[in-house]
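Below: one structure, written as C-alpha cells.
There are 2 protein chains.
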Amino acid sequence: MREKAQIFRDYLTEQGLKWTSQREIILDAFLRCGSHPSTEDLYLKLRKKHPNIGYATVYRTLKLFSECGIAASRDFGDGQTRYESTTGAEHHDHLICKDCGAIVEFEDPRIEQLQEEVARQHGFILLSHRHEIFGRCPLCREKAG
Amino acid sequence: MREKAQIFRDYLTEQGLKWTSQREIILDAFLRCGSHPSTEDLYLKLRKKHPNIGYATVYRTLKLFSECGIAASRDFGDGQTRYESTTGAEHHDHLICKDCGAIVEFEDPRIEQLQEEVARQHGFILLSHRHEIFGRCPLCREKAG
DNA sequence: TGTAATTTGAAATCCAATTTCAACAAAGGG
DNA sequence: CCCTTTGTTGAAATTGGATTTCAAATTACA
Chain A
2 MREKAQIFRD YLTEQGLKWT SQREIILDAF LRCGSHPSTE DLYLKLRKKH
52 PNIGYATVYR TLKLFSECGI AASRDFGDGQ TRYESTTGAE HHDHLICKDC
102 GAIVEFEDPR IEQLQEEVAR QHGFILLSHR HEIFGRCPLC REKAG
Chain B
2 MREKAQIFRD YLTEQGLKWT SQREIILDAF LRCGSHPSTE DLYLKLRKKH
52 PNIGYATVYR TLKLFSECGI AASRDFGDGQ TRYESTTGAE HHDHLICKDC
102 GAIVEFEDPR IEQLQEEVAR QHGFILLSHR HEIFGRCPLC REKAG
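Written as C-alpha cells, this is what we have:
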C-alpha cells in the first residue's frame, strides 16, 4: 500500500486540487493523532501549534481524506462525525467504552456471515451495515471497582 | 402487558403530570402510525386533522412515551430520531432499505451471543449495542430490475 | 512572473433537537 | 362552582454540529 501522504497528493493532482501547507499540517496531525478523532478534536489539537488554521479547513480536509480513501467517516451516535485512518485491512466494527469513550476495533467473520443470512432471510440484498457494541472497558471496570 | 394507553396514563399520574387532549391525540396517532416515525413524520401526519398541535408538543410527548417505556427512540443515522412502539418482546435490531427506507425488525440470538463473546475477548462488559443492516428490500430489488 | 483557478478562515446558514415564555387549561380545595 | 396552583401548549428563540458563502490569499503552471 502506498504511503497515505502519497495517495492524498496523487488524489489532489488527479482532481486538479492543490497541495497546501494547511493540508500538509492537517494530514500530519491526522496520521499522528489518536484513534477516531472528530473534526473538532483535530481542530482543537491543531490550534495549539497552528492557531491560524480554521475549523472549516479541517472539516474540508477530513472530507478529502475520506474521498481519497485514506480515512473513513464514522457516526457512533455521539453527535459528532469521527474519522478513522484506513488500514486497507478487513472491514471492522467497534467496541466503545461508555465511560471513557475508548474505541476498540473488532472483526468477526461469523457475525458478518450471520448478517448476510439475516438479509437473505428477509429477501434483502445486503449493502452495508453499522454495528457498535457499547460496554465498559477493562480500565474503567477497574476504576469502578 | 397492560394497555399502552393505561401505562402512559399511570405514568402521568405517578409523575404528577396531566392527561390532556393533545397527549391523547398524539398517543392514538402514534399507536396507529406505521413503523418508526420520526417526530416530524408524526407531526406532519397529525397536522392534517389537528393543525393546532405544535411540533414541540409532539416532540415532548414522544419523549414521555419513551420515558414511560411504551416507546423507544432509535437513531438510524438518517439525521432524525425515530420512535418505535415497544412490544415487550425480545431485543431486536433493524434491516433498512436504502432505497425506500423500509424498516424491518430482526433478531438473531446467535449474533447477540457473538457480541457477548467479542466484548469478553476484549475485556469489556457489554452494556448495549446498535446494529443496523442496510440493503435493498424485495420490492425495491424488483423495481430496480 | 502573470494569470486563472483553487484555497482559506471567518462568518453566515442549515437543520433537527431542545428550551423559553406568556397564555392557557387541568386538578384539587373550599 | 370558583379559585389557586401547577402543568401544558405552541410559537419562537436557541443550541450545536455540519456545511456553505465570500472576499482575500495562495498555488499551479504557462
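Protein chains in written order, with my numbering: chain A, 2 to 146; chain B, 2 to 146.
Backbone N, C-alpha and C define an ideal beta-carbon position, used for all residues, glycine too.
Buried or exposed: residue i, going by 16 or more other Cβ atoms within 10 Å of its Cβ?
i	result
His37 (chain B)	buried
Ala145 (chain A)	exposed
Gln122 (chain A)	exposed
Gln114 (chain B)	exposed
Leu140 (chain A)	exposed
Gly136 (chain B)	buried
Report all residues from its chain with a CB closer than 8 Å to the CB of residue i; omit the five preceding and five following residues, and keep chain order.
i	result
Ala120 (chain B)	Ile126 and Leu127
Ser67 (chain A)	Ala73, Ser74 and Tyr84
Ser39 (chain A)	Gln81, Thr82, Arg83 and Tyr84
Ile97 (chain A)	Phe77, Ala103, Ile104, Val105, Glu133, Ile134, Phe135 and Gly136
Cys34 (chain B)	Asp42, Leu43 and Lys46
Ile27 (chain A)	Leu43, Leu47, Ile54, Thr58, Val59, Thr62 and Leu63
Leu65 (chain A)	Phe9, Tyr12, Leu13, Leu18 and Arg24
Spatial neighbours of residue i within its chain, please: CB distance less than 6 Å, with the 5 preceding and 5 following residues excluded, ordered by chain position.
i	result
Glu108 (chain A)	Glu91 and His93
Ala103 (chain A)	Cys138
Arg24 (chain A)	Thr62
Hey, how far is the Cα of residue i from the Cα of residue j?
i	j	result
Gly78 (chain B)	Ser22 (chain B)	32 Å
Leu63 (chain B)	Leu43 (chain B)	10 Å
Asp100 (chain A)	Glu15 (chain A)	43 Å
Cys69 (chain B)	Ser86 (chain B)	12 Å
Ala6 (chain B)	Asn53 (chain B)	22 Å
Glu117 (chain A)	Glu117 (chain B)	20 Å
His51 (chain A)	Ile134 (chain A)	36 Å
Phe31 (chain A)	Lys46 (chain A)	10 Å
Glu143 (chain A)	Lys49 (chain B)	55 Å
Ile112 (chain B)	Tyr60 (chain B)	33 Å
Glu41 (chain B)	Tyr56 (chain B)	7 Å
Gly17 (chain B)	Ile71 (chain B)	18 Å
Glu4 (chain A)	His95 (chain B)	38 Å
Gly89 (chain B)	Ile8 (chain B)	13 Å
Gly124 (chain B)	Ser129 (chain A)	27 Å
Asp29 (chain A)	Pro110 (chain B)	43 Å
Arg131 (chain B)	Arg131 (chain A)	7 Å
May I ask which residues mark the beginning and end of the alpha helix (DSSP H) holding residue i?
i	result
Ile27 (chain A)	Ser22 to Arg33
Ile8 (chain A)	Lys5 to Glu15
Asp42 (chain B)	Thr40 to Lys50
Cys101 (chain A)	Taken as a continuous stretch (DSSP letters only), Cys101 (chain A) belongs to no alpha helix (DSSP H), as it is neither H nor E.
Using C-beta distances below 7 Å, list every residue in its chain close to residue i, excluding the 5 sequence neighbours before and after it, in chain order.
i	result
Asp76 (chain B)	Thr82
Trp20 (chain B)	Arg10 and Leu13
Between which two residues does the beta strand (DSSP E) containing residue i stretch?
i	result
Leu65 (chain B)	Counting along the chain, Leu65 (chain B) falls outside any beta strand (DSSP E), though it belongs to the alpha helix (DSSP H) covering Tyr56 to Cys69.
Ala73 (chain A)	Ala72 to Asp76
Glu143 (chain B)	Glu143 (chain B) -> not in any beta strand (DSSP E); alpha helix (DSSP H) instead, spanning Pro139 to Ala145.
Thr82 (chain A)	Thr82 to Ser86
So, helix, strand or coil for residue i, using DSSP?
i	result
Leu115 (chain B)	helix
Please indicate yes or no: does the CB of residue i lie closer than 7 Å to some heavy atom of the ligand GDP?
i	result
Val119 (chain A)	Absence of the ligand GDP from the depicted structure is noted, as is the absence of any ligand whatsoever, leaving it without description.
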